[in-house]
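There are 2 protein chains.
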Amino acid sequence: MTRSGSPRFHSLKHDHDSCIDTAMEKAQAICIENNTRFTHLRKRVLELIWSSHKPVLAYDLLETLRNEKVNAQPPTVYRTLEFLLKHRLIHKIQSLRAYVGCDFPDQRHISQFLICNQCHQVVELDDPLIEQVISRQARKAGLEIVHQTVEILGLCPNCQTSWSQGEPADAIRNTH
Amino acid sequence: MTRSGSPRFHSLKHDHDSCIDTAMEKAQAICIENNTRFTHLRKRVLELIWSSHKPVLAYDLLETLRNEKVNAQPPTVYRTLEFLLKHRLIHKIQSLRAYVGCDFPDQRHISQFLICNQCHQVVELDDPLIEQVISRQARKAGLEIVHQTVEILGLCPNCQTSWSQGEPADAIRNTH
DNA sequence: CCAGTAATGTTATAATATATCATAACCGGA
DNA sequence: TCCGGTTATGATATATTATAACATTACTGG
Numbered sequence: 483m484t485r486s487g488s489p490r491f492h493s494l495k496h497d498h499d500s501c502i503d504t505a506m507e508k509a510q511a512i513c514i515e516n517n518t519r520f521t522h523l524r525k526r527v528l529e530l531i532w533s534s535h536k537p538v539l540a541y542d543l544l545e546t547l548r549n550e551k552v553n554a555q556p557p558t559v560y561r562t563l564e565f566l567l568k569h570r571l572i573h574k575i576q577s578l579r580a581y582v583g584c585d586f587p588d589q590r591h592i593s594q595f596l597i598c599n600q601c602h603q604v605v606e607l608d609d610p611l612i613e614q615v616i617s618r619q620a621r622k623a624g625l626e627i628v629h630q631t632v633e634i635l636g637l638c639p640n641c642q643t644s645w646s647q648g649e650p651a652d653a654i655r656n657t658h
Numbered sequence: 483m484t485r486s487g488s489p490r491f492h493s494l495k496h497d498h499d500s501c502i503d504t505a506m507e508k509a510q511a512i513c514i515e516n517n518t519r520f521t522h523l524r525k526r527v528l529e530l531i532w533s534s535h536k537p538v539l540a541y542d543l544l545e546t547l548r549n550e551k552v553n554a555q556p557p558t559v560y561r562t563l564e565f566l567l568k569h570r571l572i573h574k575i576q577s578l579r580a581y582v583g584c585d586f587p588d589q590r591h592i593s594q595f596l597i598c599n600q601c602h603q604v605v606e607l608d609d610p611l612i613e614q615v616i617s618r619q620a621r622k623a624g625l626e627i628v629h630q631t632v633e634i635l636g637l638c639p640n641c642q643t644s645w646s647q648g649e650p651a652d653a654i655r656n657t658h
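Protein chains in written order, with the numbering used here: chain D, 483 to 658; chain E, 483 to 658.
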């Protein structure tokens with residue numbers, strides 16, 4: 483999944499070990515560049531988010547951490563998420579209150595998210611056309627833009643073709 | 483603010499009594515059309531949301547109701563909000579966890595929201611260009627769209643020109 | 001090694017939202 | 001009008017999401 487390529491929903495059983503590795507290497511590099519520490523905790527949380535390859539809830543991260551390491555508390559997770567957001571290594575999906583790995587943390591970009599209602603897989607777009615149209619219309623109303631939240635909910639190709647495919651929705655629910 | 487017109491941020495001290503009246507009349511009509519009841523509670527909550535003319539938090543509504551009427555509880559508010567959402571009389575701003583009145587409840591539409599970071603005024607767009615561009619790009623990835631969340635955060639014209647103008651942000655904060 | 005900063009630990013609590021069962025209000029037909 | 005079904009609200013409890021505040025530890029540069 484590259485910036486210029488066509489973003490796609492993953493096929494089922496997509497093996498994303500290489501995605502994770504790539505993400506970790508980029509994260510490492512970004513932390514060095516930003517002169518900040520990629521600690522064990524930060525690395526582990528980012529790995530967990532990438533391992534899921536789906537949006538992850540803060541308290542699910544907390545539970546996982548607790549299974550590995552006693553005494554993680556909510557602030558442990560939220561501070562780490564805050565760090566990862568600040569350095570653009572992850573994004574927050576507002577409509578799900580969940581977090582996903584950023585596909586291109588090394589490039590400044592404005593994201594849009596495609597979210598499958600059923601299997602909850604998320605695809606990150608960096609579509610200049612969407613961004614430009616939104617910017618233009620917002621400026622018409624006089625808005626000086628700070629951030630765009632664009633989250634498109636629907637049914638992904640895998641889930642359109644089957645009822646059993648696309649693992650069940652589990653904990654995550656959404657408001658539409 | 484009409485569908486075909488140019489949506490605008492309101493000037494300060496905009497007197498929106500007529501907006502509220504119009505909204506209430508439309509709501510009444512829609513409830514009759516949908517064969518459902520526009521009860522005192524539902525009417526009052528919708529009025530409160532419109533009175534603010536800014537996004538309103540659920541627990542602020544609860545507090546207001548309690549000042550008027552003992553014994554309102556969270557479910558009282560959330561059930562009422564659910565009703566108003568279902569009948570498209572209000573929208574939820576995901577990035578603020580807050581609710582705003584819908585400007586054109588009598589027309590099926592796909593909304594985009596312009597949100598001022600400082601005064602928290604919200605403008606609802608129904609921009610076919612934004613909707614179409616998003617739909618096209620999402621379909622390219624194979625997504626069968628169910629809902630679009632488009633929330634553009636920035637600084638509105640009033641707040642760009644002054645520090646004191648645009649009432650302070652109060653309770654509402656956002657994540658960017 | 002020391003002092004300053006950054007990161008994490010720890011406790012408490014705030015803010016947002018839902019599940020469940022009980023009661024009341026409304027509505028249509030006998 | 002009363003009855004029974006449905007819709008709406010009351011009431012209690014609890015789940016979920018997020019932050020404040022202060023203590024301790026770990027790292028970093030001199």
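Just so you know, even glycine gets a beta-carbon here, dropped at the ideal spot from N, CA and C.
Bear in mind that the values here come from a model prediction, so they are computed numbers and not experimental data.
Counting only the Cα atoms, E:I575 lies some 21 Å from E:Q614.
Interface residue (Cβ-Cβ distance to chain E less than 8 Å): D:S488 is classified as such. If you look at E:V604, you'll find it in the beta strand (DSSP E) that goes 604 to 607. Annotation: E:K495 is outside any beta strand (DSSP E) and is labelled neither H nor E by DSSP. Sorting D:V527, D:N599, D:C601 by C-alpha distance to the C-alpha of D:L567 places D:V527 at the top. Judged by DSSP secondary structure, D:L567 falls within the alpha helix (DSSP H) whose first and last residues are 556 to 568. Listed in chain order, the beta strand (DSSP E) elements of length 3 or more contained wholly in the segment 588 to 644 of chain E are 594 to 598, 604 to 607, 626 to 637.
The beta-carbon distance between E:V582 and E:V559, rounded to whole angstroms, is 15 Å. This is too long to meet the 8 Å contact definition. Under the criterion of beta carbons closer than 8 Å, E:I634 and D:I627 qualify as touching, at roughly 6 Å. Within the model, the alpha-carbon separation for D:E606 versus D:P557 is close to 27 Å. It is roughly 28 Å from the alpha-carbon of D:I592 to the alpha-carbon of D:H522. In summary, the residues of the segment 593 to 618 of chain E whose CB is separated from some CB of chain D by less than 8 Å are Q594, L596, C598, N599, V605, L607, D609, L611, I612, V615, I616, in the order they occur in the chain. Contacts with chain E at 8 Å (Cβ-Cβ) include D:V632. The shortest C-alpha to C-alpha distance from E:T643 to any of E:D608, E:S500, E:K622, E:Q600 is the one to E:Q600.
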